[in-house]
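**Student:**
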Amino acid sequence: MDGHERTPLFDTNSDHVCSESPGLNKFDCIHICPNSDLPATSASFPPASKWQFWRITSPSNRFFLLILISIIPFGGHFVKNGMSSLEQFMLDDSSYPLTSTMYGALIAAVSIPNMVLPFLGGRFLDKHGPQKVRLFLLWTCIGQVIFSLGMQFKKFWMAILGRILFGIGEGSVVVGTRVLIASWFRGEELTFAMGVGVAITNLSKMLSKATVAPIAIYFQGYVQALWYGFGVCLVSVFVDMIVYGYTKRIRYMVKCFALEDLPIDSQSLWVQNLVRQERQMYQRSPEAKPSSNLIEKGVDAKEQKLYGEQEADLRYGTDTQSRGYTRGSVHRFGCRGRGYRHGRSQRVPYIINPVLKFGRFPSLPSVFWTLVILHVVFINVFHLFQNVSSSYLYQRYHYSMVKSGFISSLSHSMVMFAPLIGYLIGQDGQRIAWIFLACTLAILSYGLLLFTDISPIVSMVLMSICLSFTPTILMAAIPVSVSTCRLGVAFGIVEVTDAIGAALGNLVIGYVRDFTGSYHADMIILFILAWLTLLLTFVLYCKGPFGGCKAATAAEKSNSATLCATKPCRSRAFSMDDDCSAQTAALNAAMALHEQNECRDRCRGI
Numbered sequence: 005m006d007g008h009e010r011t012p013l014f015d016t017n018s019d020h021v022c023s024e025s026p027g028l029n030k031f032d033c034i035h036i037c038p039n040s041d042l043p044a045t046s047a048s049f050p051p052a053s054k055w056q057f058w059r060i061t062s063p064s065n066r067f068f069l070l071i072l073i074s075i076i077p078f079g080g081h082f083v084k085n086g087m088s089s090l091e092q093f094m095l096d097d098s099s100y101p102l103t104s105t106m107y108g109a110l111i112a113a114v115s116i117p118n119m120v121l122p123f124l125g126g127r128f129l130d131k132h133g134p135q136k137v138r139l140f141l142l143w144t145c146i147g148q149v150i151f152s153l154g155m156q157f158k159k160f161w162m163a164i165l166g167r168i169l170f171g172i173g174e175g176s177v178v179v180g181t182r183v184l185i186a187s188w189f190r191g192e193e194l195t196f197a198m199g200v201g202v203a204i205t206n207l208s209k210m211l212s213k214a215t216v217a218p219i220a221i222y223f224q225g226y227v228q229a230l231w232y233g234f235g236v237c238l239v240s241v242f243v244d245m246i247v248y249g250y251t252k253r254i255r256y257m258v259k260c261f262a263l264e265d266l267p268i269d270s271q272s273l274w275v276q277n278l279v280r281q282e283r284q285m286y287q288r289s290p291e292a293k294p295s296s297n298l299i300e301k302g303v304d305a306k307e308q309k310l311y312g313e314q315e316a317d318l319r320y321g322t323d324t325q326s327r328g329y330t331r332g333s334v335h336r337f338g339c340r341g342r343g344y345r346h347g348r349s350q351r352v353p354y355i356i357n358p359v360l361k362f363g364r365f366p367s368l369p370s371v372f373w374t375l376v377i378l379h380v381v382f383i384n385v386f387h388l389f390q391n392v393s394s395s396y397l398y399q400r401y402h403y404s405m406v407k408s409g410f411i412s413s414l415s416h417s418m419v420m421f422a423p424l425i426g427y428l429i430g431q432d433g434q435r436i437a438w439i440f441l442a443c444t445l446a447i448l449s450y451g452l453l454l455f456t457d458i459s460p461i462v463s464m465v466l467m468s469i470c471l472s473f474t475p476t477i478l479m480a481a482i483p484v485s486v487s488t489c490r491l492g493v494a495f496g497i498v499e500v501t502d503a504i505g506a507a508l509g510n511l512v513i514g515y516v517r518d519f520t521g522s523y524h525a526d527m528i529i530l531f532i533l534a535w536l537t538l539l540l541t542f543v544l545y546c547k548g549p550f551g552g553c554k555a556a557t558a559a560e561k562s563n564s565a566t567l568c569a570t571k572p573c574r575s576r577a578f579s580m581d582d583d584c585s586a587q588t589a590a591l592n593a594a595m596a597l598h599e600q601n602e603c604r605d606r607c608r609g610i
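To convert a position in the sequence shown, counted from 1, into our numbering, add 4.
Dropping the structure here:
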C-alpha cells in the first residue's frame, strides 16, 4: 500500500494513551496492548508458513480473511434469493394463499429500505469503520424472525414489516463487505478479490434455491424453510465475529511491530507492508516541508467533470479552526484519517473536517455514474428473472417444483469460477470487450427462452456465464473510479440504485404476471432490458479511459508498495488514490508530524 494510504481496517481515531518508545520520538500515541503491562516481543507473533493460513503471520492469511469477509453477507443473500423457490408454495397455500402482487410486495419490501439506507450506511461505515457491519447483521436477523412469525401466524402486515427490517440491514452489510475487500486489495488483485466475493454470493444463492424447496416439501410447509434461512443468518453473524477478532489481532500485531521495532518474517510481505506504512506515521523527518505547488494545473473543465472535483489548496499551517478543518478527524464526506484531493494526475492529502455533514452530497466522476447505471440495469436483467425463475419453469415447461428449483439454480453454476475469471481479466485488461460479450450472451439466453423450445438448461448456463465476470468487473471498477475515503458512499449508491431498480422491477413483473396470466410479457420486458445493457456498454466505451487497461510492467510491480502484487495501470479510469509525488510525500510527512504534536499535547493535558 502506498505510504500515504491507510487501510480502513485500522482505526486511526481510537483512544490514545501516551507512552515512550526508545526507537521513536519522545512522545508517541500508542493504542496497543491495552490489557497487558508486558511489552510485546517477536516471540508474541512467531512466523507461520503459507499453509497455516489461520495464523495472522502467514503469507496466505489475508486470502483466508478474504473468504471469511465474503461469507459475511452469505445469510442475507441466502434468504433474499430463497424466496423464488418458495413462490409457488405461497401461491398454492390453501390456508393462506398469496397473489402474485402480494408476493411481489414481499420481494419489494426488502428493496424499499435499500433505496436510501445503504447510502447513509455507507457514510456511517466511512466514519466509524467497516467493522460496524455487525450492527446491520443484527437487523437482518431480527427482520427474518419477524417475517417468519408473520407468515406462520398469517399476518401479512407483520411479514411486510419483517421484510422491511431485513432490508434495512441487508443492503448495508453488502456495502460494508465490499468496502472491506476494496480496502485490502488493489490493482489486478482487486478483480480477483471481487470475484471471490461474487462467487461466494452466488454460492449462497445456488444453495438457497437448491435446498429451500426440499425442506418445504419435507416439513409440508414453507414456514420451516423461512426458519432455516434464519439459521443461515446466524452463521453470518458468527463469521463476522471471527473476522472482527482477526482484524483486531492484526491491528495489535502491526502496532507492536511498528512501535517496538520488532523483526518481521521475510516471507510475510503483506505484514511488512502494513508495518512499514505504520512506521512511516511515527518516524517522519522533522525537517520535512510541504511544497506550495502540489496540484497539477491546467486541467480543463471536461477532464475535471470526468475525473472529479478539485479543491483549492490549503497552505500548511493555515488556521484550520476558522476554516472548519482539523487533523486526525473525519472527512466531510465520511473519510477517516487522511483525505485525498482527487485531480487528474496526483492525489494530494489535505486537511479534513471533524464533522460528518450528511447535507452535502459528494462530487463523484461521471465514469462512476455510468458504471452505476450499467450495473443496475445489467444486474436486474438477471435478478428479476431469478426471482420468478422457478415458477416460470414450473408453468412454461411443466417441471416439478424441485426440478424447477434445481434447474433455476444452474444460473449460478459458472459463477463459482468468478475468482479465476476475474484474475484472468485483470491480466488481460480488456474489460469493455468482456462486458460486450456478456450483453450478447444475455440477449441470446432470453431469445432462446422466448422464441425456441430448446431446454432451459442452455439459457441458465448462458446466464451463469454472464454473471461469472460482469458483476466482478463492474464492482472492481468502482474503487478505481472514486476516492478511497468515499468507498462507503460509492458502494452505498450502487446498492441504492440496485434496490430502486429491484423494487420497481419486481412490482412491474408481479403486476404484469397477474394482468396477463403468464410470464410471456415479463420475458419480453427482460429481453428489451438486455438490449439496453448493450447500449449502455457502448456509452461506457465512449467514455474512453475505462476501456483499455494494460498489465503492469515488471518495473511497476517491483516498485509497488501496496498489499497487492501489482501497481494500478495508468490507461484505465484514474483511481482517486493513485501515485503521489515526492512533494506529496513531504506534505504527508509534515502533516503526520503535526498530528503527533497534537497527540503529545493531548497526552500532556494541554
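No residue lacks a Cβ here, since even glycine has one placed at the ideal position from N, Cα and C. Note that the structure is predicted; figures quoted are calculated from it, not measured.
Do the CB positions of T172 and W143 come within less than 7 Å of each other?
**Tutor:** Taking the first residue of the sequence shown as 1, we reach residue 172 at position 168. Taking the first residue of the sequence shown as 1, we reach residue 143 at position 139. The sequence shown places Ile at residue 172, rather than the Thr named in the question. Closer than 7 Å, so yes.
**Student:** Indicate whether A197 and A422 have their beta-carbon atoms separated by less than 7 Å.
**Tutor:** Your numbering for residue 197 matches position 193 in the sequence shown. Your numbering for residue 422 matches position 418 in the sequence shown. No; because the gap between Cβ atoms is not below 7 Å, this pair is not in contact.
**Student:** Starting from H524, follow the alpha helix (DSSP H) in both directions and report where the run begins and ends.
**Tutor:** Against the sequence shown, residue 524 aligns to sequence position 520. That run of the alpha helix (DSSP H) goes 524–547.
**Student:** Can you give me the start and stop residues for the alpha helix (DSSP H) that L169 sits inside?
**Tutor:** Within the sequence shown, residue 169 is the residue found at index 165, counting from 1. 160–188 is the span of the alpha helix (DSSP H), which, as asked, contains L169.
**Student:** Could you tell me the distance, in whole angstroms, from the CA atom of M106 to the CA atom of L72?
**Tutor:** Against the sequence shown, residue 106 aligns to sequence position 102. Against the sequence shown, residue 72 aligns to sequence position 68. Their Cα atoms are separated by approximately 36 Å.
**Student:** Please report how far the alpha carbon of L445 lies from the alpha carbon of F410, in whole angstroms.
**Tutor:** Position 441 of the sequence shown, counted from the first residue, corresponds to residue 445. Position 406 of the sequence shown, counted from the first residue, corresponds to residue 410. One C-alpha to the other measures close to 21 Å.
**Student:** How big is the Cα-Cα spacing for W188 and F67?
**Tutor:** As a first step, residue 188 is located in the sequence shown; it is residue number 184 there, counting from the start. As a first step, residue 67 is located in the sequence shown; it is residue number 63 there, counting from the start. Distance between the alpha carbons of W188 and F67 is about 10 Å.
**Student:** Ends of the alpha helix (DSSP H) at K407?
**Tutor:** For this step, residue 407 is matched to residue 403 along the sequence shown. Run containing K407: 405–413, per the alpha helix (DSSP H) assignment.
**Student:** By the 10 Å Cβ neighbour count, where 16 or more other Cβ atoms means buried, how is I528 classified, buried or exposed?
**Tutor:** Your numbering for residue 528 matches position 524 in the sequence shown. It counts as exposed.
**Student:** Hey, how far is the Cα of G521 from the Cα of M162?
**Tutor:** Numbered from its first residue, the sequence shown carries residue 521 at position 517. Numbered from its first residue, the sequence shown carries residue 162 at position 158. For G521 and M162, the distance between alpha carbons rounds to 28 Å.
**Student:** Please report the residue range of the alpha helix (DSSP H) in which I150 lies.
**Tutor:** Mapped onto the sequence shown, residue 150 falls at position 146. It spans 137–156 - the alpha helix (DSSP H) in which I150 sits, taken as one unbroken run.
**Student:** For K54, name the three-state secondary structure that DSSP assigns.
**Tutor:** Residue 54 sits at position 50 when you count from the first residue of the sequence shown. In the structure shown, K54 sits in coil (DSSP, three-state: anything other than H, G, I, E or B).
**Student:** Between which residues of its own chain and F495 is the CB-CB distance below 7 Å, once the five residues before and five after are set aside?
**Tutor:** Locating residue 495 in the sequence shown gives position 491, counting from the first residue. G126, V179, R182, V183, I482, listed in sequence order.
**Student:** Tell me which same chain residues have a C-beta within less than 6 Å of the C-beta of V200, skipping the five on either side of it?
**Tutor:** Position 196 of the sequence shown, counting from 1, holds the residue named residue 200. Result list for V200: L70, S74, P423, in chain order.
**Student:** Whose CA, out of K84, P77, F160, lies closest to the CA of N391?
**Tutor:** For the purposes of this step, residue 391 is taken as residue 387 along the sequence shown, with counting starting at 1. When only C-alpha atoms are compared, the closest one is K84.
**Student:** Assuming Y450 is part of the alpha helix (DSSP H), what are its boundary residues?
**Tutor:** Working through the sequence shown from its first residue, we reach residue 450 at position 446. Residues 435–455.
**Student:** Taking the CB atoms as reference points, tell me whether G80 and E174 lie closer together than 7 Å.
**Tutor:** Here residue 80 is taken as the residue at index 76 of the sequence shown, counted from 1. Here residue 174 is taken as the residue at index 170 of the sequence shown, counted from 1. Yes.
**Student:** Among the candidates D97, K209, A109, whose CA atom is the shortest distance from the CA of H416?
**Tutor:** The residue labelled residue 416 in the question sits at position 412 within the sequence shown. Minimum Cα distance to H416 is reached at K209.
**Student:** Quick check on R59: does DSSP put it in helix, strand or coil?
**Tutor:** What you label residue 59 is simply residue 55 of the sequence shown in a count that begins at 1. Note: R59 maps to coil in three-state DSSP.
**Student:** List the endpoints of the continuous alpha helix (DSSP H) containing H81.
**Tutor:** If you number the sequence shown from 1, residue 81 lands on position 77. Run containing H81: 78–95, per the alpha helix (DSSP H) assignment.
**Student:** Shortest alpha-carbon distance to L414 belongs to which of Q431, I436, L466?
**Tutor:** In the sequence shown, counting from the first residue as 1, residue 414 sits at position 410. For L414, the nearest C-alpha among the options comes from L466.
**Student:** Going straight from the alpha carbon of Q56 to that of T205, what length do you get?
**Tutor:** Working through the sequence shown from its first residue, we reach residue 56 at position 52. Working through the sequence shown from its first residue, we reach residue 205 at position 201. The alpha-carbon atoms of Q56 and T205 are separated by roughly 25 Å.
**Student:** Since V493 is in the alpha helix (DSSP H), which residue starts that stretch and which ends it?
**Tutor:** Working through the sequence shown from its first residue, we reach residue 493 at position 489. Segment 491–520, the alpha helix (DSSP H) holding V493.
**Student:** Could you have a look at A222 and say whether DSSP puts it in helix, strand or coil?
**Tutor:** Your numbering for residue 222 matches position 218 in the sequence shown. It is Tyr, not Ala, that sits at residue 222 in the sequence shown. In the structure shown, Y222 sits in a helix (DSSP, three-state: H, G or I).
**Student:** State the start and end residues of the unbroken alpha helix (DSSP H) segment that holds L375.
**Tutor:** Position 371 of the sequence shown, counting from 1, holds the residue named residue 375. Looking at the DSSP string, the run of the alpha helix (DSSP H) that includes L375 is 370–400.
**Student:** Report, in whole angstroms, the separation of the C-beta atoms of F82 and S212, which I expect to be a contact under 8 Å.
**Tutor:** Sequence index remark: in the sequence shown, residue 82 carries index 78 (1-based). Sequence index remark: in the sequence shown, residue 212 carries index 208 (1-based). Right, their Cβ atoms sit about 5 Å apart.
**Student:** Express the C-alpha separation of C260 and S468 in angstroms, rounding to a whole number.
**Tutor:** Along the sequence shown, read from residue 1 onward, the residue named residue 468 stands at position 464. Along the sequence shown, read from residue 1 onward, the residue named residue 260 stands at position 256. When rounded, the distance between both Cα atoms is 46 Å.
**Student:** Give the range of the alpha helix (DSSP H) segment to which I469 is assigned.
**Tutor:** As a first step, residue 469 is located in the sequence shown; it is residue number 465 there, counting from the start. I469 -> alpha helix (DSSP H) spans 460–485.
**Student:** Just to confirm my understanding: we take A616, look at its own chain, exclude 5 residues before and 5 after, and list those with CB closer than 6 Å. What are they?
**Tutor:** Nothing about residue 616 can be read from this structure; the chain reaches only from 5 to 610.
**Student:** By the three-class DSSP mapping on this structure, what secondary structure does W195 have?
**Tutor:** As a first step, residue 195 must be located in the sequence shown, where it is residue number 191. In the sequence as presented, Trp is not what sits at residue 195; that position holds Thr. Here T195 sits in helix by DSSP.
**Student:** Looking at Y450 and A534, is the spacing between their C-beta atoms short of 7 Å?
**Tutor:** Residue 534 sits at position 530 when you count from the first residue of the sequence shown. Residue 450 sits at position 446 when you count from the first residue of the sequence shown. Result yes, Cβ atoms of A534 and Y450 sit closer than 7 Å.
**Student:** Need the endpoints of the alpha helix (DSSP H) that V114 sits in, please.
**Tutor:** What you label residue 114 is simply residue 110 of the sequence shown in a count that begins at 1. Looking at the DSSP string, the run of the alpha helix (DSSP H) that includes V114 is 104–115.
**Student:** Of all Cβ atoms in chain C, is any one closer than 7 Å to the Cβ of L368?
**Tutor:** Protein chains in the displayed structure number just one, and chain C is not present.
**Student:** How big is the Cα-Cα spacing for Y396 and Y523?
**Tutor:** Against the sequence shown, residue 396 aligns to sequence position 392. Against the sequence shown, residue 523 aligns to sequence position 519. Roughly 7 Å between the two C-alpha positions.
**Student:** Indicate the three-state DSSP secondary structure (helix, strand or coil) for V120 in the structure shown.
**Tutor:** Your numbering for residue 120 matches position 116 in the sequence shown. V120 falls in the coil class under three-state DSSP.
**Student:** Contact check, E193 vs S394 under 8 Å by CB: the rounded distance?
**Tutor:** Taking the first residue of the sequence shown as 1, we reach residue 193 at position 189. Taking the first residue of the sequence shown as 1, we reach residue 394 at position 390. Actually they do not touch by this definition, with Cβ atoms about 36 Å apart.
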